[in-house]
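Chemist:
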Amino acid sequence: MSALEPWTIAKSAQTYGLGHWGAGYFQINKKGHVAVTPDPAQPGQIDLFELIEAMHERDIKLPVLFRFNGILRHRVQAIYRAFAAAIDEYAYKGVYQPVYPIKVNQQHQVVAEINEAGRAFNMGLEVGSKPELVAVLAIQDNPDAPLICNGYKDREYIRLALTARRVGRRPLIVIEKPSEVSMVLDVARDLGIEPELGFRLRLTGKGAGRWEASGGERAKFGLNVPELVEALTELEAADALQYVKLLHFHVGSQLNRISSLKVALREASQVYVQLRKRCPEMSFLDVGGGLAVDYDGSQTAWESSMNYTLEEYARDVIWSVQQACDQAECPHPTIITECGRATVAYHSVLVFEVLDITQSLAGPCDPQHVLGTMEAPAVRNLAQLMLDLSPKNCQEILHDAVEARQDMLQQFALGLLTLEERAMGDRCYWALLEAITRAAEHLHYVPEDLQAIPALLTETYFCNLSIFQSLPDSWALDQIFPIMPVSRLREEPTRRVILGDITCDSDGKIDRFADLRDVNRYLPAHPLRAGERYYLAAFLVGAYQEILGDLHNLFGDTNAVHVDLNGDGRVELTNVVKGDSVRQVLNYVQYEKRDLLERWRHAVERAVSEGRLKPRESAAVLRQFEKAFDEYTYLR
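First residue of the sequence shown? That's 36 in our numbering, and the numbers climb one at a time after it.
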């Protein structure tokens with residue numbers, strides 16, 4: 036950047052795309068720090084850099100997962116308001132009840148916050164297993180809020196759900212497979228409790244995006260239409276059709292194209308109105324999840340984005356159901372959605388520190404010095420190309436450079452170059468690529484082969500985190516998460532970096548980053564300064580990442596801090612959840628502290644008896660070993 040065009044906060048915001056993926060929750064303040072706005076319609080910001088510094092003062096070690104309660108509350112309200120507006124616009128005669136599927140983020144504090152935020156409009160919860168049901172029964176205390184019971188079930192699952200009716204809960208047991216019909220009826224008969232049932236419909240059409248296979252005729256869950264008819268026949272024979280209250284379908288998580296939802300709604304709405312004719316008590320249509328999060332901010336049908344808005348999603352759901360019901364002269368049902376990802380993704384931000392760096396291959400190289408000291412023609416050729424380079428010929432120079440390096444490598448393999456000559460040739464080659472990249476910046480159009488060069492010239496910033504534990508979808512699914520520096524955003528980011536974690540797995544890296552036009556193969560970052568901490572943050576990580584994380588290298592859960600703004604607009608830490616200790620992660624894989632200590636004590640005593648340790652030294656060794664059990668699994 037020239038002196039006439041200084042770097043600005045606005046350029047940092049454009050570089051990292053905050054205005055596109057931030058949804059109004061994240062900005063850059065005047066200090067050049069990332070600021071968090073829990074409710075974009077209300078005043079009050081949280082300086083993320085200052086929040087991190089406060090963690091150091093409280094001896095809360097990084098990496099830290101910040102959960103912003105205000106964003107959770109705003110997301111719950113925003114989704115409800117979008118549907119309320121659509122209901123008013125179309126004069127829909129039913130109501131809307133959101134449901135949060137806790138599998139998306141089962142953390143107790145998160146579920147409790149969502150449950151409280153949705154109390155005013157009877158927001159429900161969804162569970163898919165017996166442990167989830169146990170967790171939710173004690174939290175959801177609103178008798179008007181639905182408790183959607185999905186997943187495969189045994190008799191104990193069903194018994195627990197039905198018994199909850201007597202305690203003031205409203206469980207809706209969703210039939211996922213034909214055999215569950217008779218099981219539910221048997222348990223209900225034994226308990227003397229009338230169940231409220233739903234059917235999960237396996238649609239013909241698939242969803243769209245990375246999880247499209249979770250819908251369609253080959254989907255894992257749900258009844259196809261012939262199975263649905265058989266289930267109705269069985270219920271009718273048992274005089275139990277009045278128990279059917281709900282139809283549920285799901286077209287897949289992170290639905291990137293709205294057209295797929297419209298197709299699914301047409302099919303499901305027709306099934307609903309047909310069922311309503313046989314099941315007079317049916318009143319709920321659960322359209323499942325799928326509402327996407329725009330991780331890259333491109334507003335496209337790419338797999339990490341979405342080509343629609345929350346408001347469009349709500350209007351399409353209401354309009355489609357209304358049209359089908361009006362045509363069939365069927366009462367408008369209560370609409371349920373299970374928008375888990377869109378509810379929780381924004382509220383969590385993972386902050387981690389850069390520990391070290393692997394320099395780019397492109398170091399300084401003086402071509403005149405090379406020509407004056409080197410005799411090998413292959414090396415001299417690369418140096419001469421550097422002198423001949425200009426913006427007009429940079430593509431031709433690139434082609435010549437690739438050919439020249441191949442010649443050099445071939446000569447080295449034949450023993451015609453010394454190790455020192457090979458080293459100088461490599462330095463010339465990578466310096467030449469860097470020079471070509473700078474020359475290409477002056478072109479109005481940059482050819483594709485020149486666009487690929489910067490990704491070859493990246494540095495690796497090693498970061499104090501485990502990708503497998505905290506960002507597993509980045510590793511397993513190539514999910515894009517917005518990542519950017521937390522501070523120094525008034526400065527130009529002059530480094531091109533990829534990120535490496537502290538596991539010993541070569542897959543423990545991030546080399547794909549959010550970009551409006553395509554996946555960026557590097558992250559613009561600032562040079563590290565001696566004695567100064569440099570923090571990066573990964574955003575929109577509140578959905579699935581905590582639950583899916585694995586213990587690669589036994590790196591455990593990170594510290595998690597719940598952050599809110601109090602009535603005076605001051606930052607308040609409402610909850611601090613300590614991350615896993617060494618002892619906890621060892622227990623997960625069946626190592627007992629007592630056994631390990633005893634084994635270590637024997638080894639130390641043997642070292643003393645053999646003269647390798649003095650008795651006083653042995654005590655220090657034992658204390659050090661025992662102290663390690665209570666340490667954070669990440670680096671200090």
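Glycine residues also receive a C-beta, built at the ideal position from the N, C-alpha and C atoms.
Reducing DSSP to helix, strand and coil, say where leucine 524 ends up.
Modeler: Leucine 524 falls in the coil class under three-state DSSP.
Chemist: Please determine, among Gln441, Thr453, Ala377 and Glu191, the residue with the shortest C-alpha to C-alpha distance to methionine 409.
Modeler: For methionine 409, the nearest C-alpha among the options comes from Thr453.
Chemist: From the DSSP output, which residues share a beta bridge with aspartate 550?
Modeler: According to DSSP, which records beta bridges pairwise, aspartate 550 is partnered with nothing at all.
Chemist: Whole angstroms are fine: how far does the CA of serine 425 sit from the CA of glutamate 40?
Modeler: Roughly 23 Å between the two C-alpha positions.
Chemist: Kindly give me the distance between the Cβ atoms of glutamine 580 and aspartate 508, rounded to whole angstroms, as I take these residues to be in contact under 8 Å.
Modeler: With a Cβ gap of about 6 Å, glutamine 580 and aspartate 508 count as contacting.
Chemist: Report the start-end ranges of each alpha helix (DSSP H) in the stretch 323-381 that is 4 residues or longer and not cut off at the edges.
Modeler: List check, alpha helix (DSSP H) in window: 345-362 and 375-379.
Chemist: For serine 616, which of helix, strand or coil comes out of DSSP?
Modeler: Reduced to three states, the DSSP call for serine 616 is strand.
Chemist: Specify the secondary structure class of alanine 38 as computed by DSSP and reduced to three states.
Modeler: With a pLDDT of only 47 at alanine 38, under 50, the local geometry of the prediction cannot be trusted, and no value is derived from it.
Chemist: Using DSSP's beta-bridge definition, name the partner residues of tyrosine 131.
Modeler: According to DSSP, tyrosine 131 bridges with Ile370.
Chemist: Spatial neighbours of phenylalanine 101 within its chain, please: C-beta separation below 6 Å, excluding the five flanking residues on both sides.
Modeler: Closer than 6 Å at the Cβ level, and outside the excluded window around phenylalanine 101, lie Val384, Val596 and Val598.
Chemist: Beta strand (DSSP E) containing threonine 495: first to last residue?
Modeler: Residues 494-498.
Chemist: Taking the Cβ atom as the reference point for each residue, do leucine 107 and isoleucine 174 lie within a distance shorter than 8 Å?
Modeler: Contact: no.
Chemist: Does any residue of chain B bring its CB to less than 8 Å from the CB of histidine 285?
Modeler: The structure shown has no chain B; it contains just one protein chain.
Chemist: Buried or exposed for aspartate 665, going by 16 or more other Cβ atoms inside 10 Å?
Modeler: That one is exposed.
Chemist: I need the boundaries of the alpha helix (DSSP H) containing arginine 313, first residue and last residue.
Modeler: Segment 293-313, the alpha helix (DSSP H) holding arginine 313.
Chemist: How would you write the range of the beta strand (DSSP E) that serine 383 sits in, first residue to last?
Modeler: 383-393 is the span of the beta strand (DSSP E), which, as asked, contains serine 383.
Chemist: Whole angstroms are fine: how far does the CA of leucine 621 sit from the CA of tryptophan 660?
Modeler: What sits at residue 660 in the sequence shown is phenylalanine, not tryptophan. Phenylalanine 660 and leucine 621: Cα-Cα distance of roughly 14 Å.
Chemist: For the stretch 469-477 and the stretch 504-518, state whether three or more C-beta atom pairs, one from each stretch, are separated by less than 8 Å.
Modeler: No contact exists between the stretch 469-477 and the stretch 504-518.
Chemist: Excluding the 5 residues preceding and the 5 following methionine 36 in the sequence, name in chain order all residues of the same chain whose CB lies nearer than 7 Å to its CB.
Modeler: Interpretation of methionine 36 is limited by its pLDDT of 46, a score under 50 that renders its predicted location unreliable; the figure taken from the coordinates is listed afterwards. These residues qualify, in order along the chain: Trp42 and Glu527.
Chemist: Would you kindly work out how many angstroms separate the C-alpha atoms of arginine 93 and glycine 614, rounded to a whole number?
Modeler: When rounded, the distance between both Cα atoms is 15 Å.
Chemist: Work out the CA separation of valine 386 and leucine 168 for me, nearest whole Å.
Modeler: Going by the C-alpha atoms only, they are around 32 Å apart.
Chemist: Considering only DSSP beta bridges, list what cysteine 184 is partnered with.
Modeler: According to DSSP, cysteine 184 bridges with Val162 and Ile208.
Chemist: Nearest by alpha-carbon distance to isoleucine 183: which of Lys628, Ser294 and Tyr135 is it?
Modeler: Among Lys628, Ser294 and Tyr135, the Cα nearest to that of isoleucine 183 belongs to Tyr135.
Chemist: Taking DSSP's pairing of strands, which residues face leucine 600 in a bridge?
Modeler: Answer by DSSP bridge pairing, in chain order: Val606.
Chemist: I'd like the span of the beta strand (DSSP E) that includes glycine 233, first residue to last.
Modeler: Counting along the chain, the beta strand (DSSP E) containing glycine 233 begins and ends at 232-235.
Chemist: Give the secondary structure of methionine 317 by DSSP, where H, G and I count as helix, E and B as strand, and everything else as coil.
Modeler: Correct three-state label for methionine 317: coil.
Chemist: Per DSSP, tyrosine 51 is paired with what?
Modeler: In the DSSP output, where bridge partners are listed per residue, tyrosine 51 has none listed.
Chemist: In terms of DSSP beta bridges, what is histidine 283 paired with?
Modeler: Looking at the DSSP assignment, histidine 283 forms a beta bridge with Arg235 and Asp321.
Chemist: Express the C-alpha separation of glycine 450 and arginine 415 in angstroms, rounding to a whole number.
Modeler: C-alpha separation (whole angstroms): 18 Å.
Chemist: For glutamine 619, which residues from the same chain have a beta carbon less than 8 Å from its beta carbon, with the 5 sequence-adjacent residues on both sides left out?
Modeler: Same-chain partners within the cutoff: Gly591.
Chemist: Quick check: the Cα distance between alanine 38 and threonine 50, rounded to an integer number of angstroms?
Modeler: Only weak support exists for where alanine 38 lies, its pLDDT of 47 falling under 50; the coordinates are left without a value.
Chemist: What is the rounded straight-line gap between the Cα of methionine 421 and the Cα of tyrosine 496?
Modeler: Using only the alpha carbons, I get a separation of about 28 Å.
Chemist: So leucine 226 packs on lysine 280, CB below 8 Å; how close in whole Å?
Modeler: That belief does not hold up - the Cβ atoms of leucine 226 and lysine 280 are roughly 18 Å apart, past 8 Å.
Chemist: Please state whether DSSP places arginine 568 in a helix, a strand or coil.
Modeler: Three-state DSSP puts arginine 568 in coil, outside helix and strand.
Chemist: So, with DSSP's three-state summary, where would you put arginine 93?
Modeler: It is coil, neither helix nor strand.
Chemist: Here's the rule I'm using: 16 or more other beta-carbon atoms within 10 Å means buried, otherwise exposed. How should cysteine 400 be labelled?
Modeler: Classification for cysteine 400: buried.
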